[in-house]
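Q: Letter by letter, the sequence shown follows residues 1 to 215 of this note's numbering.
Just dropping this structure here.
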Amino acid sequence: MTRDASKRLVSATQMSPVTESQLASGSDGIVDHQPSAANRTFAAVRFEHKEYNVTNYFEKFWIIPGIIPLCCTLEQKLFLEPEEAHLVTTTCCSTQTQRRPYGELQAVEHLRCLGCCHCFQFAETKVSPQCFCAGDLVAEIVKELKTRMKARGDTGQIKRAEQLLGEIQILKAQAQSTDAKLDAILKHLNIDAPPPTAAATATQQPLGSVAASAY
């Protein structure tokens, strides 16, 4: 390769890539890179903090004979953090906190009784907000919990594996596009392309094996 050809090759690779047809026509115009719709990344789902007052008023205001100080002290709140849920039960004597990662919650269902009483299951605890009649609140909590369970449980892991495979496919397509542009430049400069190295050949594998390893 002559020194002049080397300079032309370095100069060509430093510029924005041009197509083979442009090279053949002698055009040296710079082509701005426009990202295609396929060049997108998959962001991980991040949930915001939410807080619900799920105190049961019957338990809160139930007067136990001989234990009057316990009256009006019960409070129960559900905190939905990005990765786990906290159910905090507070009385004048103690505070109990149940922490459960969303992926470990077995089932969360909207339970109904007599058509007007509503509650939901959180781990081993049945939670009945307000006066058992807060159907809309229970439905909202159950929907939010199921959404987070789906994103953090087995379904979420499968979805993230599919997203990872999609990113690998995008990177492979970008690499193939870059190779094609370099081949066009080498052809225009009448330079023989170097043979592929053993390391590059060894790293090539079918997408099926990549998908299997991702799962």
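Each residue gets a CB set at the ideal place from its N, CA and C atoms; glycine is no exception.
Assuming contact is defined by CB atoms lying nearer than 8 Å, are A193 and D183 in contact in what I supplied?
A: Yes, Cβ-Cβ distance for A193 and D183 is below 8 Å.
Q: Just to check my reading of the structure: P101 and E124 have Cβ atoms closer than 8 Å, yes? What is that Cβ distance to the nearest angstrom?
A: Actually they do not touch by this definition, with Cβ atoms about 15 Å apart.
Q: Quick one: give me the first and last residue of the alpha helix (DSSP H) that T55 is part of.
A: Element bounds for T55: n/a, residue is neither H nor E.
Q: Would you tell me roughly how many angstroms separate the C-alpha atoms of P196 and L186, rounded to the nearest one?
A: If you take the alpha carbons of P196 and L186, they lie about 15 Å apart.
Q: Do L78 and Y52 have their beta-carbon atoms positioned less than 8 Å apart in this structure?
A: Yes; because the gap between Cβ atoms is below 8 Å, this pair is in contact.
Q: So what's A85 in DSSP terms, helix, strand or just coil?
A: It is a strand residue.
Q: Work out the CA separation of S177 and M149 for me, nearest whole Å.
A: Approximately 39 Å, taken between the alpha carbons.
Q: For a quick check, are the C-beta atoms of L111 and F120 less than 8 Å apart?
A: Against a cut-off of 8 Å, the Cβ pair of F120 and L111 comes out as a contact.
Q: Here's the rule: buried if 16 or more other CB atoms are within 10 angstroms of the residue's CB, otherwise exposed. What is Q76?
A: Buried, since its Cβ has 16 or more Cβ neighbours within 10 Å.
Q: Tell me the residue span of the beta strand (DSSP E) that contains E75.
A: E75 to L80 is the extent of the beta strand (DSSP E) around E75.
Q: How is V142 classed by DSSP in three states: helix, strand or coil?
A: Three-state result, V142: helix.
Q: For F132, report the span of its beta strand (DSSP E) as first-last.
A: Note, F132: premise wrong, no beta strand (DSSP E); not H, not E.
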